[in-house]
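I have placed the structure first, in the form of structure tokens, so that the comments after it can refer back to it.
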Amino acid sequence: MQNIYSIRGQLFFASVQDFMNDFDDVKEGSRLVIDFTKVRIWDYSGPGAVDKLVA
Numbered sequence: 003m004q005n006i007y008s009i010r011g012q013l014f015f016a017s018v019q020d021f022m023n024d025f026d027d028v029k030e031g032s033r034l035v036i037d038f039t040k041v042r043i044w045d046y047s048g049p050g051a052v053d054k055l056v057a
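Everything in the sequence shown is counted per my numbering, starting at 3 for the first residue and increasing by one.
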């Protein structure tokens, strides 16, 4: 199964928790595609959240 998410807006320390909550329904082992073309990442918490999501 493949899940495709198109993310828009700002990703920074105040929005990381909402970002992570958006993926609560993704089943372990499924393929996840995230389109970051319309996202602005402001600080290190953004890439940290992406790393945590991948792990």
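The beta carbon of each residue, even a glycine, is placed where N, CA and C say it ideally should be. Just so it is clear, the structure is predicted and the values come from calculations on it, not from any experiment.
Below 6 Å CB to CB, which residues in the same chain sit around residue i once its five sequence neighbours on both sides are set aside?
i	result
Ile6	Val35
Gln4	Arg33
With distances taken Cα to Cα, identify the nearest neighbour of residue i among the options.
i	options	result
Phe15	Leu55, Val52, Ser47 and Lys54	Ser47
Phe38	Asp20, Pro49, Ser32 and Ala57	Pro49
Between which residues of its own chain and residue i is the CB-CB distance below 7 Å, once the five residues before and five after are set aside?
i	result
Gln12	Arg42 and Trp44
Ala57	none
So, at 8 Å on beta carbons, what are the nonlocal neighbours of residue i in its own chain, with the 5 sequence-adjacent residues on each side left out?
i	result
Met22	Ala51, Lys54 and Leu55
Lys40	Ser8, Ile9, Arg10 and Gly11
May I have a chain-ordered list of the alpha helix (DSSP H) segments no shorter than 4 residues that lie completely inside the segment 17-56?
-> 18-23 and 47-56
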